[in-house]
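Take a look at the structure set out below.
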Amino acid sequence: MIELNHVSKSYNKGRVKAVDDLTLSVRPGEIFGFLGPNGAGKTTTIKLIVGLLRPDSGTILVDGIDNRKNPVAAKTVTTYVPDTPAVYERLTGLEYLNFIGDVYGVPKADRLRRIERWLEIFELSEAVSAPIQSYSHGMRQKIVLIAALLPAPRVMVLDEPMVGLDARSAHHMKEMMRTHCDRGGTLFFSTHIMEVAEKLCDRIGIIHKGRLIAHGTLEELRARDREDQSLEKIFLELTER
Amino acid sequence: MKKLFRLIRVGLRVNFGLSLLRPKHLLENKRDLWLIPMIGLGIAGLAPVLFFYLKGIRFMYGLLAPLGQQGALLTFGLLAGQFLILVFGFYYVLSAFYFSRDLDLLVSLPVAPAQVLLSKFAVVVVNEYLTASPIVIPMLVAYGVQAKAGSTYWITAVLVYLFLPIIPLALVSLLVVGMMRFVNVSRKKDALMIIGSLVLMAGALSLQFWLRKMPDSGPGHQALIQFFSEGGLVRKIGAMFPPSIWATRALVPEAGASGLGPFLLYAGVSLALFAALFFAARAFFYRGLLGLGEVSARRRRLSHDVLSARISSGQKPVRAIFLRELRIMNRTPIFLLNGVLSVVLIPVIFILFAKAGSGGGGSDTTQIILLLASANPAAVILGSAMFMTICGCLNGTASSTFSREGSHFWMSQIIPTPPAIQAKAKFLHSYAVSGLGILVATIAAIVVIKAKAVHVLLALPIALTAAAALTALGMIIDLLRPLLKWTNPQKAIKQNLNVLIAFFADAGILVALTVGVSVLLRRGFSKAGVIVGLAIFLAVLAGSGYALLLKLAARRYGEIET
Chain A
5 MIELNHVSKS YNKGRVKAVD DLTLSVRPGE IFGFLGPNGA GKTTTIKLIV
55 GLLRPDSGTI LVDGIDNRKN PVAAKTVTTY VPDTPAVYER LTGLEYLNFI
105 GDVYGVPKAD RLRRIERWLE IFELSEAVSA PIQSYSHGMR QKIVLIAALL
155 PAPRVMVLDE PMVGLDARSA HHMKEMMRTH CDRGGTLFFS THIMEVAEKL
205 CDRIGIIHKG RLIAHGTLEE LRARDREDQS LEKIFLELTE R
Chain B
122 MKKLFRLIRV GLRVNFGLSL LRPKHLLENK RDLWLIPMIG LGIAGLAPVL
172 FFYLKGIRFM YGLLAPLGQQ GALLTFGLLA GQFLILVFGF YYVLSAFYFS
222 RDLDLLVSLP VAPAQVLLSK FAVVVVNEYL TASPIVIPML VAYGVQAKAG
272 STYWITAVLV YLFLPIIPLA LVSLLVVGMM RFVNVSRKKD ALMIIGSLVL
322 MAGALSLQFW LRKMPDSGPG HQALIQFFSE GGLVRKIGAM FPPSIWATRA
372 LVPEAGASGL GPFLLYAGVS LALFAALFFA ARAFFYRGLL GLGEVSARRR
422 RLSHDVLSAR ISSGQKPVRA IFLRELRIMN RTPIFLLNGV LSVVLIPVIF
472 ILFAKAGSGG GGSDTTQIIL LLASANPAAV ILGSAMFMTI CGCLNGTASS
522 TFSREGSHFW MSQIIPTPPA IQAKAKFLHS YAVSGLGILV ATIAAIVVIK
572 AKAVHVLLAL PIALTAAAAL TALGMIIDLL RPLLKWTNPQ KAIKQNLNVL
622 IAFFADAGIL VALTVGVSVL LRRGFSKAGV IVGLAIFLAV LAGSGYALLL
672 KLAARRYGEI ET
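Protein chains in written order, with this note's numbering: chain A, 5 to 245; chain B, 122 to 683.
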């Protein structure tokens, strides 16, 4: 699970509040979709969860572990996919996956089974022995996704994971997300694709100007206004204020 | 024209981080304020070198002026500056024109190819002003002061300096643009970078050898006068690359002649070559550039057995991170050239220079040093240790270890490996590179200089301990202020201020140790005692440096926001 308690983060000596007193929790077995306009604070929130940024105040628990007090333990149960797949271009795909397997301590048998499976699903079997610098943007996105899946983490945090994926891969990605949570894992992801959020998420949070302006199941969000509203309309109404 | 100036402005801002260097930003980011005294110290460290350089110029002027040959000093300074620009220019031009990451963006903009190339050229020119300035500016100024030159000299000197990089850079640029267009190298850019650099290094070395093989005209002042006089070496080389002669004649006109003609020739050729580059850029630049981003790679499906064999059976994180460092360093040409290749080449260059001009048996200087040393084994041990340490540590591997990660640093921050363990793995990698340099230096000292093996082997543990201390120091400097935002790998290592700061810090420590040891020996302490004491002191320094590094890593990995 992921728990954010009164988390704030600002830039430029407090002049720009990227995340403002954010409190939310994502339960085990839940896919949580995080929506918001550009610059609303989605990526900042995600980076705070995975420990790439330090909050000005508040606490973040990942699987019950405080990610500032015990960062290594929090990282052991978490994997992360950034919005831009900047990965070691001079390594081959397999070397990169081996590196991730080594630092997360994935046993060889599990590693082989998972790598073979995900390479097949994401159609990277032929490219895995080539340097990552020869990969297209979508292929890089896939190798980062496979790396995030390799340790079979309890918590996955994904920033715009569908960007750059072809339709087939995006489909497999969504299936993977569902399976991960059906097995009790927690998944937190940001997206701009309302349709994906609508169909996939157990709960949705909408952030605007650093503040969480709405969260809940799709039905709960609809109940705030008219019941037949699409998520897109709810989003547009909430974020134009 | 407006677009060109805007491109140049953006290029300069990106290259020198000008936006971040504004006093407002510097004062806001108090963490960087420590840089101000560090830069001051660096400049103070350079002051003695500048002092001796200026003293040398004054001395030479005094020797040459009575013979009317003092103008050759200017030819020498300008030649040296242009030679430096030529050598560094190849790196700068190739990486700026073809390998910087912003090219994809620039190519898609509605600007002409020549404008893109000229904006890159302008950035390289500014870089080269900085590269050549330590040699050329003191020469121009010292000469002017000595000659009590009038305003014409000073105005001409400014113009000569402004035109200085154009000819060598335009020549290198034309060569590079032509090569990229007509030679099928687009898919082998890494190999091109390495081979090109090695060829240039070999060229520079050959020139040095040629200079040393020139017949000696006798000892002392006579040789110096001969070197600079009519028909001497400076004039001979100047004749091969005449812009420096033209510039000299523009600054110091020959009797009865005006300096305007030579200046117009100097400026005219610069502008003509610049124009040639403009037309070459228009015709060839994009044709050589497009497709360069493509990286060829053989792709084949791995069978289950092959995949199984290639999947690691679970290495410890230290080993995994060490391997990552090794692979990325050795597969990135700029990193490879400044790391492994430089530690292998530096001892070789030192030794070759020491031996050059002696017909293979060791130069007079080497022989004299060895002769003196045979009477003073402690000096050989300490001298060898110093030589080996310099060979092992005179590279940017340790002081760019975090910076080299660049935009990939987020991965080091999210993996569940404690930062101290990551720093340990990085230390081992940097130390291995230093160790390689020390090993080559050891072999070179024994085999080529023919120093006594027992002395060199006694120096080895001292050098290894010193290298451990300096490796930790270099890493600490880089960890305090890692340069993670770069578009060209050259910035992470060759143009990284941390590498320069570490270089000065290393030099400072080595000088302080040399002074300390000399004082102790002069005061009559036993030689063996001083050597053992030095080794113990270095071990303490290395141990505490390493401990500090690990502690600092634990703190800094959490503080650095990416």
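We put the beta carbon where it would ideally sit given N, CA and C, even for glycine.
Item to complete: Using the Cα positions of Ala378 of chain B and Gly198 of chain B, report the straight-line distance between them to the nearest angstrom.
Response: Here the question's residue 378 of chain B lines up with position 257 in the second sequence. Here the question's residue 198 of chain B lines up with position 77 in the second sequence. Going by the C-alpha atoms only, they are around 22 Å apart.
Practice prompt. Output yes if chain B places a C-beta closer than 8 Å to the C-beta of Thr190 of chain A; else output no.
Written response: Start at 1 with the first residue of the first sequence, and residue 190 of chain A comes out as number 186. Not an interface residue.
Worksheet entry | Delimiting residues of the alpha helix (DSSP H) encompassing Leu641 of chain B | In the second sequence, counting from the first residue as 1, residue 641 of chain B sits at position 520. Looking at the DSSP string, the run of the alpha helix (DSSP H) that includes Leu641 of chain B is 618-643.
Worksheet item: Buried or exposed: which applies to Asn248 of chain B, given that a residue is buried once 16 or more other Cβ atoms fall within 10 Å of its Cβ?
Response: To locate residue 248 of chain B, count along the second sequence from 1; it is residue 127. Buried, because 16 or more other Cβ atoms sit within 10 Å of the Cβ of Asn248 of chain B.
Worksheet item: Alpha carbon to alpha carbon, what distance is there between Ala201 of chain B and Gly481 of chain B?
Response: By one-based count along the second sequence, residue 481 of chain B stands at place 360. By one-based count along the second sequence, residue 201 of chain B stands at place 80. Summary for Gly481 of chain B: the model assigns pLDDT 45, below 50, so the residue's position carries little reliability; its value from the coordinates is reported in the next sentence. Rounded to whole angstroms, the gap between the alpha carbons of Gly481 of chain B and Ala201 of chain B is 27 Å.
Worksheet item: For the candidate residues A:Glu7, A:Thr183, A:Phe36, A:Leu242, whose alpha-carbon lies nearest to that of Phe193 of chain A?
Response: The count along the first sequence starts at 1 and reaches residue 193 of chain A at position 189. Checking every option, the nearest Cα to that of Phe193 of chain A belongs to A:Phe36.
Worksheet item: Taking Cβ-Cβ distances shorter than 9 Å, what residues in chain B pair up with Glu7 of chain A?
Response: Counting from one through the first sequence, the residue named residue 7 of chain A turns up at place 3. None at all; the shortest Cβ gap to chain B is about 19 Å.
Worksheet item: Mind checking whether Val638 of chain B and Lys573 of chain B have CB atoms under 8 Å apart?
Response: Here residue 638 of chain B refers to the residue found at position 517 of the second sequence. Here residue 573 of chain B refers to the residue found at position 452 of the second sequence. Contact flag unset, no.
Worksheet entry | Identity of the residues DSSP links to Leu447 of chain B by a beta bridge | In the second sequence, the residue the question calls residue 447 of chain B occupies position 326. Answer by DSSP bridge pairing: none, since Leu447 of chain B is not bridged.
Item to complete: Pull up the DSSP beta-bridge partners for Thr190 of chain A, would you.
Response: Locating residue 190 of chain A in the first sequence gives position 186, counting from the first residue. Partner(s): A:Val159.
Practice prompt. Would you please state the rounded distance, in angstroms, between the beta carbons of Pro75 of chain A and Gly55 of chain A? I believe it to be under 8 Å.
Written response: Taking the first residue of the first sequence as position 1, residue 75 of chain A is located at position 71. Taking the first residue of the first sequence as position 1, residue 55 of chain A is located at position 51. That pair is a contact at about 5 Å.
Practice prompt. With 8 Å as the threshold, decide whether the Cβ of Arg676 of chain B is near any Cβ in chain A.
Written response: On the second sequence, position 555 is the one that residue 676 of chain B refers to. Arg676 of chain B does not count as touching chain A.
Discussion item. Taking only three categories from DSSP, how would you classify Tyr15 of chain A?
Written reply: By one-based count along the first sequence, residue 15 of chain A stands at place 11. Of the three classes helix, strand and coil, the one that applies to Tyr15 of chain A here is strand, per DSSP.
Worksheet item: Where does Asn248 of chain B sit, in a helix, a strand or coil, going by DSSP?
Response: Position 127 of the second sequence, counted from the first residue, corresponds to residue 248 of chain B. Looking at Asn248 of chain B - three-state DSSP - the assignment turns out to be helix.
Discussion item. Just verifying my parser: in three-state terms, what is the DSSP assignment at Phe523 of chain B?
Written reply: Stepping through the second sequence from its first residue, residue 523 of chain B is reached at position 402. Correct three-state label for Phe523 of chain B: coil.
Practice prompt. Establish whether the CB of Asn102 of chain A and some CB of chain B are separated by less than 8 Å.
Written response: For the purposes of this step, residue 102 of chain A is taken as residue 98 along the first sequence, with counting starting at 1. With 8 Å as the cut-off, Asn102 of chain A counts as an interface residue toward chain B.
Discussion item. Any beta carbon of chain A sitting closer than 8 Å to that of Thr538 of chain B?
Written reply: Mapped onto the second sequence, residue 538 of chain B falls at position 417. Closer than 8 Å: yes.
Worksheet item: Residues of chain A with a CB under 7 Å from the CB of Gln436 of chain B: which are they?
Response: As a first step, residue 436 of chain B must be located in the second sequence, where it is residue number 315. Neighbours of Gln436 of chain B on chain A, chain order: Asp106.
Worksheet item: Is it true that the CB of Leu549 of chain B sits closer than 8 Å to the CB of Phe443 of chain B?
Response: Taking the second sequence and counting its residues from 1, one reaches residue 443 of chain B at position 322. Taking the second sequence and counting its residues from 1, one reaches residue 549 of chain B at position 428. With respect to the 8 Å criterion, Phe443 of chain B and Leu549 of chain B are classified as neighbours on the basis of their beta carbons.
Item to complete: Count the CB pairs spanning the region 71-90 of chain A and the region 154-169 of chain A that are closer than 8 Å, and state whether there are at least three.
Response: yes
Item to complete: Can you have a look at Asn516 of chain B and say buried or exposed, based on whether 16 or more other CB atoms are within 10 angstroms of its CB?
Response: Residue numbering aside, residue 516 of chain B sits at position 395 when the second sequence is read from its first letter. Burial call: buried.
Practice prompt. Apply the 10 Å Cβ neighbour rule to Tyr15 of chain A and answer buried if 16 or more other Cβ atoms are within range, or exposed otherwise.
Written response: Position 11 of the first sequence, counted from the start, is the residue given in the question as residue 15 of chain A. When all chains shown are included, Tyr15 of chain A counts as exposed.
Fill in: DSSP bridge partner residues for Gly37 of chain A (one or two, in chain order)
Within the first sequence, residue 37 of chain A is the residue found at index 33, counting from 1. Per DSSP, A:Phe193, A:Ile208.
Discussion item. Taking its Cβ as the centre, do 16 or more other Cβ atoms sit within 10 Å of Ile276 of chain B, making it buried, or is it exposed?
Written reply: Position 155 of the second sequence, counting from 1, holds the residue named residue 276 of chain B. Classification for Ile276 of chain B: exposed.
Worksheet item: What is the DSSP secondary structure of Ser338 of chain B, reduced to helix, strand or coil?
Response: Here the question's residue 338 of chain B lines up with position 217 in the second sequence. Caution is warranted here: a pLDDT of 47 is assigned to Ser338 of chain B, below 50, making its placement in the model unreliable, and no coordinate value can be reported.
Worksheet item: Secondary structure at Asn136 of chain B, three-state DSSP: helix, strand or coil?
Response: Counting from 1 along the second sequence, the entry for residue 136 of chain B is found at position 15. Three-state DSSP puts Asn136 of chain B in a helix.
Worksheet item: Taking Cβ positions only, does Thr453 of chain B come closer than 8 Å to chain A?
Response: Against the second sequence, residue 453 of chain B aligns to sequence position 332. With 8 Å as the cut-off, Thr453 of chain B counts as an interface residue toward chain A.
Worksheet entry | DSSP state of Tyr139 of chain A mapped onto helix, strand, coil | Your numbering for residue 139 of chain A matches position 135 in the first sequence. Coil, per DSSP.
Worksheet item: If we count the other Cβ atoms within 10 Å of its Cβ and call it buried at 16 or more, is Pro187 of chain B buried or exposed?
Response: Sequence index remark: in the second sequence, residue 187 of chain B carries index 66 (1-based). It is exposed - the Cβ of Pro187 of chain B has fewer than 16 other Cβ atoms within 10 Å.
Worksheet item: Taking any Cβ of chain C, which residues in the region 48-62 of chain A have a Cβ under 9 Å from it, in chain order?
Response: Absence of chain C from the displayed structure is noted, the protein chains being A and B.
Fill in: Coarse secondary structure for Leu56 of chain A, derived from DSSP in three states
Here residue 56 of chain A corresponds to residue number 52 of the first sequence, with the count starting at 1. Three-state DSSP puts Leu56 of chain A in coil, outside helix and strand.
Worksheet item: Looking at the C-beta of Thr563 of chain B, does it have a partner C-beta in chain A at a distance below 8 Å?
Response: In the second sequence, counting from the first residue as 1, residue 563 of chain B sits at position 442. With 8 Å as the cut-off, Thr563 of chain B does not count as an interface residue toward chain A.
Worksheet item: Quick one: Cα of Leu594 of chain B to Cα of Ser429 of chain B, how far?
Response: In the second sequence, residue 594 of chain B corresponds to position 473, counting from 1. In the second sequence, residue 429 of chain B corresponds to position 308, counting from 1. Answer to the nearest angstrom: the Cα atoms are 41 Å apart.
Worksheet entry | Touching by the beta-carbon criterion (3+ pairs, under 8 Å), the region 53-73 of chain A and the region 141-152 of chain A | no
Practice prompt. Give the residues of chain A in contact with His425 of chain B, contact being defined as C-beta atoms less than 9 Å apart.
Written response: In the second sequence, counting from the first residue as 1, residue 425 of chain B sits at position 304. Per Cβ cutoff of 9 Å: Leu116, Glu120.
Worksheet item: Taking the alpha-carbon positions, what's the Lys615 of chain B to Leu386 of chain B distance?
Response: Stepping through the second sequence from its first residue, residue 615 of chain B is reached at position 494. Stepping through the second sequence from its first residue, residue 386 of chain B is reached at position 265. When rounded, the distance between both Cα atoms is 35 Å.
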